[in-house]
Structures are given as structure tokens and as C-alpha cells.
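One structure is given here, and the rest of the page talks about it.
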Amino acid sequence: MTSQLDRQAPCPSCGASITFKFAGARAVVCDYCKYVIARTDRGLQATGRMGDLIEIATPLVMDATGKWGGEPFVVHGRIQMDRAAAPGAPWQEILLHFPFKDTTTWVAYAQGRWYATNETALPPNGVPHPDTLAPGSTVDLGSYGQWVVSEVGQRRVIAGEGAMSLVPAPNVVTRYADIASSGGQFGTIDYGDGSAEPVLFLGREFDSRELQLDSGAPLDAPQAEVAACECPNCGANLPLVSQQSERVVCQYCGTASDIRQGTLSALGPSPPPPVTPQIALGSEGPIRGNNYIVCGFIIRSCMVEGVRYGWREYLLFGGEAVGYRWLVEEDGKWQFVEPMSAGDVLDSGHSVSLNGQSYSMKESVQATVDCVMGEFYWKVEIGERVEATEFEGPGGKISREKSATEVNYNFVTPLGPNELAPFGVHAPMVSQSSSDSAGGSTLMTVIIVIIICVVLALVLGGDCGGGGSSYRGGSGWSK
10 MTSQLDRQAP CPSCGASITF KFAGARAVVC DYCKYVIART DRGLQATGRM
60 GDLIEIATPL VMDATGKWGG EPFVVHGRIQ MDRAAAPGAP WQEILLHFPF
110 KDTTTWVAYA QGRWYATNET ALPPNGVPHP DTLAPGSTVD LGSYGQWVVS
160 EVGQRRVIAG EGAMSLVPAP NVVTRYADIA SSGGQFGTID YGDGSAEPVL
210 FLGREFDSRE LQLDSGAPLD APQAEVAACE CPNCGANLPL VSQQSERVVC
260 QYCGTASDIR QGTLSALGPS PPPPVTPQIA LGSEGPIRGN NYIVCGFIIR
310 SCMVEGVRYG WREYLLFGGE AVGYRWLVEE DGKWQFVEPM SAGDVLDSGH
360 SVSLNGQSYS MKESVQATVD CVMGEFYWKV EIGERVEATE FEGPGGKISR
410 EKSATEVNYN FVTPLGPNEL APFGVHAPMV SQSSSDSAGG STLMTVIIVI
460 IICVVLALVL GGDCGGGGSS YRGGSGWSK
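Each residue of the sequence shown is one higher than the last, beginning at 10 in our numbering.
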């Protein structure tokens, strides 16, 4: 058995004492010189230097202890990553070590959800080449089952501390694919820089109540609370509700800013909204059992045959335990939008199924962001586009939004006349058959326009004109 003394050694970079805190640790970050020190068959080697850690709040601090399913664990390491110069805030993954079994699990938090993954042996047939994967495509992992690609992209390790079950390569751009399967299963295929075999991590989304810290600290904040940040242009106090926010657009002067470790960095002006939001930013109230704060407002639209149809969306934040939801309003009708795992939806392209129930495609359009105001969990841009598709079925609609790098699914249901009363809004009574998701009634209008144009084309031998978007480019904000 390896003793604690056997796992101590001088750092080959600076000479300081380093400790591999568990027997299976393959690397450790030196506390003094920040180099990654890897165990190899030729002894200890310094493989790269970590940057300074970014302040990302978490109760899972180094050396914290607790129990998961009755099994004790210790926090022994964490790494922080970014999207390799692409838009997006850094995130972190935390390594839990279970000493009784000498096993480890990586834990991460994103948009109100906790994920746990473990390094897993590749299936006999390996994994697909990254060039063959796209958001929404299916991956057959043999005995691990069928998985759906939810995101593809590039990332790099920028900082870290403690002991690691793998050997991170700081500042090396690597490729990855996030995958999902039914029942909250989640995974990542880490393709690295292409010089070695891919590494497969599989796991699941988990309820934060499964994990108890010995300190008694909650894994999640109980609810959202409004903080304030000063606009770098006009000095106004801006309500900020989430530590995950990446961009804020001042509701007073329209300046767009990136949020970097609690401060705002101005990017440039944003056009003012053509309408006043019916629900003010910072408004707070209950919806379907959870308390939410309105933190963002977006106007989106689609162009069909030269005619633009628009709708309005309100971003809600329900605290770290709940995450984000959306309210969508179009023609006075309101809908509630809740995120879903891509792995729970069987998507054949023109129809989807959920829990054995079928949903038929209603329409698909290119949805464009026309106006933004408030705080957002991604670096939203004027002119940003996604392919937005709606599927109608039992209990509501499933919306699918797809870009070149990711696909997201949401379940959309109509709101009753009194559900938004705490926000000063009384939605009209909407029957299920006439309920619409984001741009829903807009899309029905789109269908009618298309039918009319086709008929005219057949009769007159012409076309309906237009058809191209009036969008001419991005906002010019740096990313």
C-alpha cells in the first residue's frame, strides 16, 4: 500500500514540497510555482504552468469534506477552463475523492444544474471522429447506449489547484463534445489536441440534496438576491442576480458590458428597445412554486417572404438551485419556458417524442435577436441567430433551438390569467390548442403567409418577393 510519505516529493520545477493526496492521483499543481507536476514512468515532470485562479464561488472548496449517498468524500482538486477565445465565461470542475474506495468523481455546475462524471473506458469500437459530430447527432457508445450530442467546441485549461486524476495541459486548445442520454445522463468526449486517444467521461445530472457537506453549508443558494453593479458609461446601478452572468446591457443608457469577476467592461452602445417591457427588470414574484427575478429582456423576430414577425422574451432567474426560465409574450399571450435535457428527447427531425408521446413539427424559422436589455448568462449579440423549431403535442410544445455548436430543447406551456399577477400582468385565458411558444402565433401567421405565397406563385408564375433577412451584421461588440 502506498503511504502518505510515499506520495510526497520536491517539485521538480521549484523544489517546494508537493503531495499527491490520493493513491490514484496522476498530477498535482504546485502551490508555489503553479506548475502541473505529473507522475510518469520516468519520475515527476513539470508539464505546464497554470494561470491565476478566477473567483468562481462554490461551497466545494479545497479540502472540504462531506458525504454522498452515505459515502465520505474530500475535495482534492479543481480545474478552470474557458472556450479557447470563443464567447463564454470560464467555468470550473471540482474533483471529489472517495477515500474508502479510492475513486474520484468530477463535479460541475451550470445554469442551475449539477453534473457528476467519471472517466470511463472507451467502447470497443471507440468514439466517432470529432469532425463527424454536430449538435443533435446521435452517438452509439455500444454497451453504454445511444447518446445525443448537445454541444461541440473547443476549450482549454487556464487554472487549477490540488491533485488531479488526469494530467491537465494548461493553455492547450482541445476539442470536446458534450453528450446526453435519457434519465439525466450526461457525458463528455474529450478529444484533446488530437495527439492521443480520446477520453470518455460519463455520468449524470444530480440533485444537490444528494450531497451533504460536513460544514453544513448548502450546496445551492436558497433563492436569488438582487445585487448592484455600476454601469461603466452612465454610472447607473444595474440589478445583477447571478454569479454566472456574462453580459449586461444597461436599461438606462443602453451600454453593453461584459461581466468579469464582478466588474463591468464596456463594449459599446446597444439600440434601445422599441417598446417598454411589460415587466420591469428586477421585478420579483412566484411562478409555479418557485420565486423568480426578471433579469433580462429580449426582442426576437423571424423574416418570412420579406415580412418580419416579432415576439418578446423575459429571462427569469430562480436562484442557483433552480436556474433560468423564460417568459415569452406575443400578441398578449404568455408562455412559460423550461429547459430540458437533449437526451430526453427523441428527435427524428420532423417530429420529436418525449416519454413515449409524439410531438409534430409546427414550423421552423431563423430567429434573430433584435434588441437586448438586462443581464444574461451568455454573451448575447444583436443579430445573433438560431434555427428555432416548434413541435406540438400533449401538454404543450417542445421548442428546439440549434446553432453550429449546440442544440437546446425547452418545454413550453401557456400561462393562466392569474399566474403573472405578482408581476402586474394578467394573461388572457388561452386554450391548449391555441397556445404558442416563443413566436408561436407568429409562426402560425408565417404558415398562412407561406400558403398564400405558394398559391400566388402557382397562379401568377411569380414569387412573393423578399425572403431575405434585413440583418446586416453583428453589433460590433467585442467578445
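Each residue gets a CB set at the ideal place from its N, CA and C atoms; glycine is no exception.
Small disclaimer: the values here were computed from a predicted structure and weren't measured.
Under DSSP, Val-303 forms a beta bridge with Leu-325.
The three-state reading of DSSP puts Ser-152 in helix, counting H, G and I together. Straight through space, the alpha carbons of Thr-264 and Phe-107 are spaced by roughly 48 Å.
Secondary structure of Thr-67 (DSSP, three-state): coil. Rounded to whole angstroms, the separation of the alpha carbons of Thr-114 and Val-258 is 38 Å. Under DSSP, Ile-407 forms a beta bridge with Phe-400 and Phe-420. Straight-line spacing of the CA atoms in Thr-414 and Gly-24 works out to 43 Å. Inter-residue distance for Asp-223 and Phe-82 is about 10 Å (C-alpha atoms, whole angstroms). In this structure, the straight-line span from the alpha carbon of Arg-16 to that of Thr-112 is close to 17 Å.
When DSSP states are grouped into helix, strand and coil, Ala-125 belongs to the strand group.
Within the same chain, and ignoring the five residues on either side of Ala-289 in sequence, the residues whose Cβ sits closer than 8 Å to its Cβ are Val-303.
Excluding residues up to 5 positions away in sequence, Gly-294 and Pro-295 lie with their Cβ nearer than 7 Å to the Cβ of Pro-431 in the same chain. Of the candidates Val-136, Glu-314, Asp-267 and Met-173, Val-136 places its Cα closest to the Cα of Glu-206. Across the structure, Asp-50 and Asn-364 are spaced so that their CA atoms are roughly 50 Å apart.
Assignment of Ser-146 by DSSP, reduced to helix, strand and coil, places it in the coil class.
Closest option to Leu-228, judged by alpha-carbon separation, among Thr-74, Pro-286, His-85 and Glu-396: Thr-74. Under the criterion of beta carbons closer than 8 Å, Phe-195 and Thr-126 qualify as touching, at roughly 7 Å. In this structure, DSSP gives Glu-428 a state outside helix and strand, which the three-state scheme calls coil.
Assigned with DSSP and collapsed to three states, Asp-353 falls in helix. Taking Asp-91 as reference, the option from Ala-36, Asn-180, Pro-423 and Gly-78 with the minimal CA-CA separation is Asn-180. With contacts defined by Cβ atoms closer than 8 Å, Ala-376 and Val-354 do not form a contacting pair. Per DSSP, Ala-130 lies in no beta strand (DSSP E) and is assigned neither H nor E. Annotation: the stretch 159-201 contains no complete segment of the alpha helix (DSSP H) (minimum length 4 residues). Burial of Tyr-200 is indicated by the presence of at least 16 other C-beta atoms within 10 angstroms of its C-beta. Contact between the stretch 403-417 and the stretch 271-286 is absent: fewer than three C-beta pairs spanning the two stretches fall below 8 Å. Rounded to the nearest angstrom, the Cβ distance from Gly-33 to Ser-174 is 6 Å, consistent with a contact under 8 Å. When DSSP states are grouped into helix, strand and coil, Thr-414 belongs to the coil group.
Under the 10 Å beta carbon count, Phe-109 is surrounded by fewer than 16 other beta carbons and is classified as exposed.
Counting along the chain, Gly-86 sits inside the beta strand (DSSP E) bounded by residues 80-91.
In the structure shown, Ser-217 falls within a helical segment according to DSSP collapsed to helix, strand and coil.
Distance from the CA atom of Tyr-261 to the CA atom of Ala-245, rounded to whole angstroms, is 7 Å. In the DSSP assignment, the residues bridged to Met-382 are Phe-306.
Secondary structure of Asp-61 (DSSP, three-state): coil.
Between the stretch 250-257 and the stretch 158-168 there are fewer than three inter-stretch CB-CB distances shorter than 8 Å, so the stretches are not counted as touching. DSSP, read as helix, strand or coil, puts Arg-334 in strand.
Rounded to whole angstroms, Gly-60 and Arg-218 show a C-alpha spacing of 33 Å.
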